[in-house]
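J.:
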Amino acid sequence: MIDWLAEPFTQPFMQRALLASLMVGLLCSVVGCYVVLRGMAFLGDALAHGILPGIAVAYLLDGSLVVGALVAALVVALGVGVLSRQGTVREDTAIGILFSAALSLGVVLISSIRSYAVDLNHILFGDVLSVGASDLWLTAGLGLVVLLAVLFMYRALMVYSFDPVFASTLGVRTELLRMTLLVLLALTIVVSLRTVGVGLVAAMLVTPAATAYLLVRRLAPMMLVAAGVGLASSLIGLYVSYYANVSSGAAIVLTATVLFFGVFLFSPRHGLVRRLTSGGKS
Amino acid sequence: MRCADPRLPESPARLELEDVSAGYKGVRALRHVTMQVAHGARLAIVGPNGSGKSTLFKALAGLLPLSSGSIRIHGAPLGVHRDCVAYVPQREEVDWRFPVTALDVVLMGRYGRRGWLRRLTAEDVAVARRCLERMGMERFGARPIADLSGGQQQRVFLARALAQEPHILLMDEPFNGVDVGTRETILALLDELSGRKVTALVSTHDLKLAATRFQVVALLNRELVAYGSPAEVFTSANLAEVFGGQALFLEGGVVVDQCCPGEATCPAHDGRHQEHQPSDQSPRTAGGPPRP
Chain A
5 MIDWLAEPFT QPFMQRALLA SLMVGLLCSV VGCYVVLRGM AFLGDALAHG
55 ILPGIAVAYL LDGSLVVGAL VAALVVALGV GVLSRQGTVR EDTAIGILFS
105 AALSLGVVLI SSIRSYAVDL NHILFGDVLS VGASDLWLTA GLGLVVLLAV
155 LFMYRALMVY SFDPVFASTL GVRTELLRMT LLVLLALTIV VSLRTVGVGL
205 VAAMLVTPAA TAYLLVRRLA PMMLVAAGVG LASSLIGLYV SYYANVSSGA
255 AIVLTATVLF FGVFLFSPRH GLVRRLTSGG KS
Chain B
3 MRCADPRLPE SPARLELEDV SAGYKGVRAL RHVTMQVAHG ARLAIVGPNG
53 SGKSTLFKAL AGLLPLSSGS IRIHGAPLGV HRDCVAYVPQ REEVDWRFPV
103 TALDVVLMGR YGRRGWLRRL TAEDVAVARR CLERMGMERF GARPIADLSG
153 GQQQRVFLAR ALAQEPHILL MDEPFNGVDV GTRETILALL DELSGRKVTA
203 LVSTHDLKLA ATRFQVVALL NRELVAYGSP AEVFTSANLA EVFGGQALFL
253 EGGVVVDQCC PGEATCPAHD GRHQEHQPSD QSPRTAGGPP RP
C-alpha cells in the first residue's frame with residue numbers, strides 16, 4: 005500500500021505536479037469562498053476564458069505568458085465593470101458578451117499561430133505534468149501574495165460581502181475593495197492556469213467552497229474546510245490521473261465534484277438523504 | 003454609552019442639519035431640510051413612500067454626498083465623529099445567507115474601534131454579549147444569522163448598533179415586518195437610550211406609533227413639512243398636504259382619533275379638539291423651517 009502511494013511521486017515531474025496542484029487547490033478554495041458567497045461564479049469563469057487572447061498575444065510578442073494572461077483578465081474584469089455600471093447593461097449580460105468575445109478572439113489568435121495550436125489543449129485543460137521549477141516558484145510567490153491579501157482584508161471583505169451598507173458606514177471604500185477582489189481573482193486564475201486550465205479553473209474556485217458551505221456556517225471555518233477539500237481533491241486527483249492515465253486537471257476537478265455530491269447527499273444537517281429520511285421535516 | 007473620543011464637548015448638542023439636499027442620480031429626494039435635534043432626543047421621521055426618509059438617513063450616515071447644505075454632529079462636520087453614528091439600515095440590503103453567527107454580526111460593531119487588523123479584545127466580546135443580552139438574544143449568539151426569524155435578525159442588528167456605542171442611532175424602518183415582542187423590545191430600548199442621552203432617529207410609516215411613542219416628530223415630504231411635538235405636527239392641514247385627500251381620510255382619521263383619547267403617553271391631549279377641525283386654525287409647525 006505504501007509503495008502504491010509513494011510510487012507516483014518518485015519521479016521529479018510528479019513531485020512538481022503534486023506541489024503545483026496542492027498550491028492551486030489551496031489558493032482556489034480560499035479565494036473561491038468569496039466567489040461562492042458573493043455569487044461571482046460566472047464572472048470567475050469569464051475571467052478564466054478572457055485570459056486566452058492575452059496568452060496568445062504574449063506568445064506572439066514573445067513576452068511573459070503570465071503577464072499577458074493577467075492583463076487580459078483585468079481588461080475583462082474592468083470591461084464588465086464599465087458596461088454594467090449604473091445598470092446600463094445587467095452584469096451577467098455584460099459578462100456573457102465579453103466572455104464569449106474574449107474566448108473567440110483567443111481562438112482566432114491561437115489558430116493563426118500554427119505551431120502553437122497543439123498547446124490549445126493544454127491551455128484549456130491544464131498540463132500540470134510539465135510544470136517546471138520556475139513555474140513552481142511563480143505559483144508559490146503569486147499564491148502567497150493572494151493569500152496574504154485575503155488574510156489582511158478578511159474583516160473588510162467579510163463585512164462588505166455580508167452587509168455592504170454597514171461596511172460603507174465604517175469607512176470601507178467599497179468600489180476599491182471590489183476591484184481589489186477582482187484583481188485577486190484574476191491572479192488566482194492565472195496561477196491556476198498550468199494545473200487545471202482555463203476551462204476548469206472555475207470548478208476549482210466554486211466546488212470546494214460550495215462543499216464547505218454545506219458543512220460549516222462561519223466564514224473562517226468555511227475557508228479552512230474549503231482548503232481541506234481543495235487539497236484533498238488535488239492529491240486524490242493526481243493519483244487517479246497517474247493510475248488511470250487520464251488528464252490530471254480533469255481528474256482533480258472530478259474528485260472535487262465527487263466530494264461535493266457526497267456532502268450534498270450525506271451532510272449531517274442539510275444532506276438530501278437526511279432530509280428524505282427525516283420525513284420532510286426541516 | 004459614550005463615544006471613544008474624549009474631546010467631545012459636553013454641551014447638549016446635537017445634530018444640526020442646515021439646508022440639506024441629497025439624492026441619487028440627479029433626483030433630489032431630499033430638499034433644503036433644516037433642523038436641529040437635541041442631544042438625547044427621540045425623533046420619529048414620518049412621511050409617505052419616496053418622501054426621502056431613507057435618503058435622509060443615508061446622508062446622516064455619510065453614505066450619500068450632500069448636493070447642498072451641511073450636517074454637523076457636536077458642532078463638527080460629518081465624518082469627524084463617524085464613530086458616534088450607528089446606522090441600522092433596512093433589511094433588504096443584507097446577504098442573510100452569509101455564514102456568520104449572531105455574535106459575529108454584533109462583533110462587527112466593534113470593528114470601527116479596533117480597525118481592520120487589530121485583534122478584538124475580551125472586552126469587545128463582553129460588550130457584544132451584553133448587547134445581545136439587552137436585546138434578549140443571549141441564547142442565540144452561536145446561531146447562524148440565516149437560521150433566525152426576521153424579528154430576531156432585527157434584534158441582532160440593533161445589538162450590533164449598540165455595540166458601536168453610538169451617540170446617534172439611526173434606525174430605518176426598524177418596525178417593518180417584526181413581531182410584537184421585537185417591537186416592544188425596540189421601544190423599551192429607545193426609552194433606555196434617551197435616558198442615557200443617546201439621540202435616536204427612527205423612520206416609520208406607522209403614524210400612530212410615531213404619535214404615541216415619540217416626543218418629537220419630523221414630517222417629511224422631500225422637504226421638511228413640520229417638526230415638533232406630535233400635536234404640532236399631526237394637524238389636518240399638514241396631513242392633507244403630505245398624504246393628500248384620500249390618504250388623509252384614512253390615515254388622518256386613524257391618526258387623529260387614535261392619537262389622543264386621553265392617553266398619558268401622548269403629550270398632545272390639549273390640542274386634540276382643534277385637530278379635528280378641518281379649518282386651518284391649528285398651530286403651525288414650531289421649530290421647523292418657514293413653509294414654502
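Residue numbers (my numbering), protein chains in the order written: chain A, 5 to 286; chain B, 3 to 294.
Built from N, CA and C at the ideal position, the CB exists for glycine as well.
These numbers were taken from a predicted model, which means no experiment stands behind them.
#1: In terms of DSSP beta bridges, what is A220 of chain B paired with?
#2: Can you check DSSP and say which residues form a bridge with R74 of chain B?
#3: For a contact defined as C-beta to C-beta under 8 Å, what are the partners of Y113 of chain B on chain D?
#4: Does the Cβ of M5 of chain A have 16 or more other Cβ atoms within 10 Å, making it buried, or fewer, making it exposed?
#5: Entirely within the stretch 150-208 of chain A and at least 4 residues each: give me those alpha helix (DSSP H) ranges in chain order.
#6: Are the stretch 261-279 of chain A and the stretch 66-85 of chain A in contact at 8 Å, needing three or more beta carbon pairs?
#7: Which complete beta strand (DSSP E) runs does the stretch 68-144 of chain B hold, if anything under 3 residues is left out?
#8: As a quick exercise: from A:T184, A:A105, A:T259, A:A62, pick the residue whose alpha carbon is nearest that of S25 of chain A.
#9: Mind pulling the chain B residues with CB within less than 9 Å of M226 of chain A?
#10: Would S286 of chain A count as contacting chain B if we go by Cβ distances under 8 Å?
#11: Spatial neighbours of A31 of chain B within its chain, please: CB distance less than 6 Å, with the 5 preceding and 5 following residues excluded, ordered by chain position.
#12: Residues of the stretch 267-281 of chain A in Cβ contact with chain B at a cutoff of 9 Å, in chain order, please.
#13: Within this structure, are the beta carbons of I114 of chain A and A60 of chain A separated by less than 8 Å?
#14: The alpha helix (DSSP H) with Q38 of chain B in it runs from where to where?
#15: Suppose you measure from the CA of I101 of chain A to the CA of F270 of chain A; what does that come to, to the nearest Å?
#16: Who are the near neighbours of L140 of chain A in its chain, counting only those whose CB is closer than 7 Å to its CB and skipping five residues on each side?
#17: Taking Cβ to Cβ, would you say L197 of chain A is nearer than 8 Å to F129 of chain A?
#18: List the whole-angstrom C-beta distance separating D174 of chain B from Q92 of chain B, where the pair is believed to meet the contact cut-off of C-beta under 8 Å.
#19: With DSSP as the reference, label D1 of chain B as helix, strand or coil.
#20: For M227 of chain A and R221 of chain A, I'd like the C-alpha separation in whole angstroms.
#21: For T206 of chain B, which three-state DSSP category applies?
#22: For S252 of chain A, count the other beta carbons within 10 Å of its own beta carbon; 16 or more makes it buried, fewer makes it exposed. Which is it?
#23: For V96 of chain B, decide whether its Cβ has a neighbour in chain A, counting only Cβ atoms nearer than 8 Å.
#24: Whole angstroms are fine: how far does the CA of I73 of chain B sit from the CA of P79 of chain B?
#25: What are the boundary residues of the alpha helix (DSSP H) that L133 of chain A is part of?
#26: So which of B:F59, B:D97, B:V29 has the shortest CA-CA distance to D149 of chain B?
#27: Any beta-carbon of chain B closer than 8 Å to the one on R222 of chain A?
#28: Measuring only the C-alpha atoms, how far is L176 of chain A from E11 of chain A?
#29: Which residues in the same chain have their Cβ closer than 8 Å to the Cβ of V257 of chain B, if we skip the five residues on either side of it in sequence?
#30: Do P57 of chain A and L109 of chain A come within 8 Å of each other at the CB atom, strictly closer than that value?
#31: Determine, using beta carbons only, whether G143 of chain B and L105 of chain B come nearer to each other than 8 Å.
#32: How many Å lie between R182 of chain A and G145 of chain A at the Cα?
T.: In terms of the structure at hand:
#1: B:I47, B:Y229
#2: Bridge partners of R74 of chain B: B:E18, B:P79.
#3: The displayed structure is made up of protein chains A and B, and chain D is not among them.
#4: Exposed: under 16 other Cβ atoms inside 10 Å.
#5: 158-166, 168-173
#6: no
#7: Within the stretch 68-144 of chain B, the complete beta strand (DSSP E) runs of at least 3 residues are 68-75, 87-90.
#8: The shortest C-alpha to C-alpha distance from S25 of chain A to any of A:T184, A:A105, A:T259, A:A62 is the one to A:T259.
#9: P101
#10: Note that S286 of chain A scores a pLDDT of 44, beneath 50, so its modelled location is shaky; the value from the coordinates is reported in the next line. Cβ-Cβ to chain B under 8 Å: no for S286 of chain A.
#11: G25, G54, T57
#12: none
#13: Going by C-beta atoms, I114 of chain A is nearer than 8 Å to A60 of chain A.
#14: It is not in any alpha helix (DSSP H) - Q38 of chain B instead sits in the beta strand (DSSP E) that spans 29-39.
#15: 38 Å
#16: Excluding residues within five positions, the ones whose Cβ falls inside 7 Å are R20, L23, A24.
#17: Their beta carbons are not under 8 Å apart, which means L197 of chain A does not touch F129 of chain A by this criterion.
#18: 5 Å
#19: Not covered by the structure: residue 1 of chain B. The range shown for chain B is 3 to 294.
#20: 11 Å
#21: coil
#22: buried
#23: yes
#24: Approximately 6 Å, taken between the alpha carbons.
#25: Per DSSP, L133 of chain A belongs to no alpha helix (DSSP H) and is neither H nor E.
#26: Measuring C-alpha to C-alpha distances from D149 of chain B to each of B:F59, B:D97, B:V29 identifies B:D97 as the nearest.
#27: Cβ-Cβ to chain B under 8 Å: yes for R222 of chain A.
#28: Per the sequence shown, residue 176 of chain A should be read as Val rather than Leu. Roughly 51 Å separates the two Cα atoms.
#29: Confidence at V257 of chain B is low in this model, with a pLDDT of 42, below 50, so the placement of that residue is unreliable and no value is reported for it.
#30: yes
#31: yes
#32: 23 Å
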